[in-house]
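Numbering of the sequence shown is given in the UniProt record's numbering, commencing with residue 1 and proceeding in unit increments. Idealized CB from N, CA, C, for every residue including glycine. Quick caveat, the model's predicted, so the values are computed rather than measured. Structure record follows, encoded as structure tokens.
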Amino acid sequence: MRIEIMIDKEQKISQSTLDALETELYRNLRPLYPKTAIRIRKGSANGVELSGLKQDEDKKRVMEIMQQVWQDDCWLH
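Following this line, the structure appears as structure tokens:
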């Protein structure tokens with residue numbers, strides 16, 4: 001599975017925060033999806049692209065996990 005996350009550069013999120021987010025996403029997703037590849041980059045808008053998942057249930061599950069990680073900001077500390 002491949003995850004591409006684009007963060008709006010106008011939000012001024014530090015690289016260390018993006019690195020921490022990537023680490024936490026791997027920690028939460030790799031046990032379920034061992035072949036996960038995540039790329040987080042800054043761009044002109046916010047967006048998420050998932051590829052390599054055939055079933056809608058898997059896509060929904062991954063999006064839910066990513067949302068939980070984002071909302072539970074304990075990984076920032």
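Cα atoms of Leu18 and Met66: separation of roughly 13 angstroms, rounded to the nearest angstrom. One thing to note: Met6 has its Cβ no nearer than 9 angstroms to the Cβ of Ile38.
Taking every protein chain shown into account, the CB of Val48 has fewer than 16 other CB atoms within 10 angstroms, so this residue is exposed. Assignment of Met63 by DSSP, reduced to helix, strand and coil, places it in the helix class. Distance from the CA atom of Arg61 to the CA atom of Ala20, rounded to whole angstroms, is 21 angstroms.
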